[in-house]
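The structure under discussion appears below in the form of structure tokens.
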Amino acid sequence: MELFDKITELKNEIIKEIKEAKNLNELKLAGEKNLSKKSPLNAMMAHIKDLVGEAKANFGQAMNKARNEVTEAYQNRQLELSEAEIKEKLSKEKIDITLPSVSYKMGGINPFYLIQDEIIDIFVSMGYEVKEGPDVETDYFNFERMNIPENHPAREMQDSFYITNSLLLRTHTSPAQAHAMDEKKGEPIKIICPGKCFRRDDDDVTHSHQFGQVEGLVVDKNINFGNLKATLELFLRKMFGEKREVRFRGSYFPFTEPSVEVDISCMECHGKGCPTCKGTGYIEILGAGMVHPNVLKMAGYDPKEYSGFAFGVGIERVAMLRYGIDDIRRIYQGDVRFIEQFTRK
Ligand code: FA5
Numbered sequence: 023m024e025l026f027d028k029i030t031e032l033k034n035e036i037i038k039e040i041k042e043a044k045n046l047n048e049l050k051l052a053g054e055k056n057l058s059k060k061s062p063l064n065a066m067m068a069h070i071k072d073l074v075g076e077a078k079a080n081f082g083q084a085m086n087k088a089r090n091e092v093t094e095a096y097q098n099r100q101l102e103l104s105e106a107e108i109k110e111k112l113s114k115e116k117i118d119i120t121l122p123s124v125s126y127k128m129g130g131i132n133p134f135y136l137i138q139d140e141i142i143d144i145f146v147s148m149g150y151e152v153k154e155g156p157d158v159e160t161d162y163f164n165f166e167r168m169n170i171p172e173n174h175p176a177r178e179m180q181d182s183f184y185i186t187n188s189l190l191l192r193t194h195t196s197p198a199q200a201h202a203m204d205e206k207k208g209e210p211i212k213i214i215c216p217g218k219c220f221r222r223d224d225d226d227v228t229h230s231h232q233f234g235q236v237e238g239l240v241v242d243k244n245i246n247f248g249n250l251k252a253t254l255e256l257f258l259r260k261m262f263g264e265k266r267e268v269r270f271r272g273s274y275f276p277f278t279e280p281s282v283e284v285d286i287s288c289m290e291c292h293g294k295g296c297p298t299c300k301g302t303g304y305i306e307i308l309g310a311g312m313v314h315p316n317v318l319k320m321a322g323y324d325p326k327e328y329s330g331f332a333f334g335v336g337i338e339r340v341a342m343l344r345y346g347i348d349d350i351r352r353i354y355q356g357d358v359r360f361i362e363q364f365t366r367k
């Protein structure tokens, strides 16, 4: 067979092989075999040494042409196969609009904070200033300045978590009263102090070892029990509306005289008595009273000139009554199904 026919035959075979490659991988193998230096087509170059003159030049041209055609066929097939591969990929990745969409859950706000903010808003609208006190208190501020000296039986009711003998997690927000009086140095006071309290209470439906209170303190000339009652009644009406029953009950706190506790009719049984209110029909939400003269004196206020009232509202209890929460522990369990029900209005 003539040399030139052999070139054509070989070139056609290679182009056929290239065109028959079913995918890029097969094409790559065909390319490695037929486009490399050691390819069968290039091996034909060995014949050049037997040729001379015009025949040699013609042979060289024919070889170049054949190599170019092979390369072009390879590139064309490569383009075809790549496009086919992309098309196939796209057809498989088609967006299925019938699939349900991914839903993003919005978290809720713990009712503790919703209520704390609401209580703060009510008192700020009545002209109260917000003052925060420390969670870790000295025995002196938590008890002594609250007219509860060492060995006083009232300490029993407020056992706490001690850090040292004289440093403890505060049992109520009342020490904030003493801090405010020290800061104001004999000037009139109208403050609230929201914050965390801690007690060695056994947890049950209405008690938690950690809970929140909002303390309130008003000290000025001519402050009387009527001011206390009117303030708390206004607060309770704003918080619970007109329908809820409110009960003022005489009580005892070493730092107030006279003292009261305030109960709200139970949200579960509406006053009939149930496990949540321990059969009483009411849930206690706050303690209050007229600031004891000793507390005023210890802060440098003359009780003959100044008088005051104070209160401490339990934040979780208010949340329970507002939202119908049957167990205080739900507020601390971090169950999303519970929390996600609460959002800011
Ligand atoms: C006091 O803590 C007083 N410092 C309140 C006070 C302030 C009286 C100023 C007078 C003047 P008491 O222990 O009753 O009082 O608690 C007040 C409120 O905190 C309770 O009515 C209740 O709502 C809440 N509270 C008390 N202990 C717990 C507890 N373990 N878990 C949840 N809430 C509690």
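For the sequence shown, the residue numbers in the working numbering are 23 to 367. Even glycine gets a Cβ: it sits at the ideal position worked out from N, Cα and C. Remember, it's a predicted structure, so these values are computed and weren't measured experimentally.
Give me the DSSP bridge partner(s) of V335. For this step, residue 335 is matched to residue 313 along the sequence shown. Looking at the DSSP output, V335 sits in a beta bridge with V236, L308.
Once DSSP output is grouped into helix, strand and coil, what is the label at K260? Your numbering for residue 260 matches position 238 in the sequence shown. Three-state DSSP puts K260 in a helix.
So, for G346: in the same chain, excluding its five sequence neighbours on each side, which residues have a beta-carbon less than 7 angstroms away from its beta-carbon? Your numbering for residue 346 matches position 324 in the sequence shown. For G346, where only same-chain residues beyond five positions count, the Cβ hits under 7 angstroms are M289.
Using a Cβ-Cβ cut-off of 7 angstroms (strictly less than) and excluding sequence neighbours within five positions of D225, which residues of its own chain qualify? Translated into the one-based positions of the sequence shown, residue 225 becomes position 203. Result list for D225: H231, R351, in chain order.
State the Cα-Cα distance for the pair S147 and T253, rounded to the nearest angstrom. By 1-based counting over the sequence shown, the position of residue 147 is 125. By 1-based counting over the sequence shown, the position of residue 253 is 231. Cα to Cα, S147 sits roughly 12 angstroms from T253.
Proximity to P210 [Cα-Cα], best of F275, K218, Q199, E94: To locate residue 210, count along the sequence shown from 1; it is residue 188. It is Q199.
Quick check: does the Cβ of S182 come within less than 6 angstroms of any heavy atom belonging to the ligand COA? You won't find the ligand COA in this model; what it holds is the ligand FA5.
My output table needs one value for L25: the three-state DSSP class, helix, strand or coil. As a position in the sequence shown, residue 25 is number 3, starting the count at 1. DSSP, read as helix, strand or coil, puts L25 in helix.
Going by CA-CA distance only, name the one from E306, T186, M320 that's closest to M203. The sequence position of residue 203 within the sequence shown is 181, counting from 1. For M203, the nearest C-alpha among the options comes from M320.
So what does C219 bridge to, in DSSP terms? Within the sequence shown, the letter at position 197 stands for residue 219. Note: C219 sits in a beta bridge opposite F233.
If we count Cβ pairs, one from each stretch, closer than 8 angstroms, do we get three or more for the stretch 119-137 versus the stretch 157-175? Output reads no: the stretch 157-175 does not touch the stretch 119-137.
Could you check if E306 belongs to the surroundings of the ligand FA5, using beta carbon to heavy atom distance under 6 angstroms? For the purposes of this step, residue 306 is taken as the residue at position 284 of the sequence shown. The closest heavy atom of the ligand FA5 lies less than 6 angstroms from the beta carbon of E306.
First and last residue of the uninterrupted alpha helix (DSSP H) at S104: Counting from 1 along the sequence shown, the entry for residue 104 is found at position 82. 75-114 is the span of the alpha helix (DSSP H), which, as asked, contains S104.
Can you tell me whether R359 is buried or exposed? The criterion is at least 16 other CB atoms within 10 Å of its CB, across all chains shown. On the sequence shown, residue 359 is found 337 positions in, with the first residue counted as 1. Exposed, since its Cβ has fewer than 16 Cβ neighbours within 10 Å.
Which same chain residues end up closer than 8 angstroms to L189 when comparing Cβ atoms and leaving out the 5 residues on each side of it in sequence? Translated into the one-based positions of the sequence shown, residue 189 becomes position 167. Result list for L189: V158, E159, T160, D161, in chain order.
Between A95 and I37, which are expected to be in contact by the criterion C-beta below 8 angstroms, what is the C-beta distance as a whole number of angstroms? Counted from its first residue, the sequence shown places residue 95 at position 73. Counted from its first residue, the sequence shown places residue 37 at position 15. With 8 angstroms as the limit, A95 and I37 qualify as a contact, their Cβ atoms being about 4 angstroms apart.
The ligand FA5 and A310: does any heavy atom of the ligand fall closer than 6 angstroms to the residue's C-beta? Translated into the one-based positions of the sequence shown, residue 310 becomes position 288. At least one heavy atom of the ligand FA5 is found less than 6 angstroms from the C-beta of A310.
Tell me the rounded alpha-carbon separation between R192 and G334. Numbered from its first residue, the sequence shown carries residue 192 at position 170. Numbered from its first residue, the sequence shown carries residue 334 at position 312. When only Cα atoms are considered, R192 and G334 end up about 13 angstroms apart.
Under 7 angstroms between C-beta atoms of I286 and R266: Looking up residue 286 in the sequence shown gives position 264. Looking up residue 266 in the sequence shown gives position 244. The Cβ atoms of I286 and R266 sit closer than 7 angstroms to each other.
Alpha carbon to alpha carbon, what distance is there between K127 and G301? On the sequence shown, position 279 is the one that residue 301 refers to. On the sequence shown, position 105 is the one that residue 127 refers to. About 39 angstroms.
In chain order, what residues of the same chain lie with their CB nearer than 6 angstroms to the CB of E283, ignoring the 5 residues before and after it? Counting from 1 along the sequence shown, the entry for residue 283 is found at position 261. Cβ within range, chain order: R271, S273, E306, G309.
My assumption, with CB atoms under 8 angstroms, is that P297 sits in contact with V227. Please give the rounded CB distance. In the sequence shown, the residue the question calls residue 297 occupies position 275. In the sequence shown, the residue the question calls residue 227 occupies position 205. About 7 angstroms separates the two Cβ atoms, so the contact holds.
Collapsed DSSP secondary structure at R366 in the structure displayed: The count along the sequence shown starts at 1 and reaches residue 366 at position 344. It is coil, neither helix nor strand.
For T298, verify whether its CB is less than 6 angstroms away from any heavy atom of the ligand FA5. As a position in the sequence shown, residue 298 is number 276, starting the count at 1. No, the Cβ of T298 stays beyond 6 angstroms of every heavy atom of the ligand FA5.
Contact the stretch 60-69 vs the stretch 115-123: 3+ CB pairs below 8 angstroms: Proximity of the stretch 60-69 to the stretch 115-123 falls short of the contact definition, fewer than three beta-carbon pairs being nearer than 8 angstroms.
Host alpha helix (DSSP H) of F360 (start-end): Working through the sequence shown from its first residue, we reach residue 360 at position 338. That run of the alpha helix (DSSP H) goes 358-361.
Between the C-alpha atoms of K78 and A65, what's the straight-line distance to the nearest angstrom? Looking up residue 78 in the sequence shown gives position 56. Looking up residue 65 in the sequence shown gives position 43. If I take the Cα positions, the gap works out to 16 angstroms.
Measure from the alpha carbon of N316 to the alpha carbon of each residue in L49, I170, N80, then state which is nearest. Here residue 316 corresponds to residue number 294 of the sequence shown, with the count starting at 1. The shortest Cα separation from N316 among L49, I170, N80 belongs to I170.
Taking the CB atoms as reference points, tell me whether F262 and I144 lie closer together than 7 angstroms. Locating residue 262 in the sequence shown gives position 240, where the first residue counts as 1. Locating residue 144 in the sequence shown gives position 122, where the first residue counts as 1. F262 is not a Cβ neighbour of I144, given a cutoff of 7 angstroms.
Taking K28 as the reference, which of H69, E362, Q355 has the closest Cα? Within the sequence shown, the letter at position 6 stands for residue 28. Closest by alpha carbon: H69.
On the DSSP letters alone, give me the boundaries of the alpha helix (DSSP H) that L49 sits inside. Along the sequence shown, one-based indexing puts residue 49 at 27. Annotation: the continuous alpha helix (DSSP H) that includes L49 extends over 46-56.
Is Q138 near the ligand FA5, judged by its Cβ being under 6 angstroms from some heavy atom? Counted from its first residue, the sequence shown places residue 138 at position 116. No, the beta carbon of Q138 sits no closer than 6 angstroms to any heavy atom of the ligand FA5.
So, with DSSP's three-state summary, where would you put V146? Looking up residue 146 in the sequence shown gives position 124. In the structure shown, V146 sits in a helix (DSSP, three-state: H, G or I).
Beta-carbon within less than 7 angstroms of T365's beta-carbon, same chain only, minus the 5 sequence neighbours each way: which residues are those? On the sequence shown, residue 365 is found 343 positions in, with the first residue counted as 1. Short of 7 angstroms from the beta carbon of T365, and not among the five residues preceding or following it, lie these beta carbons of its own chain, in chain order: G130, I131.
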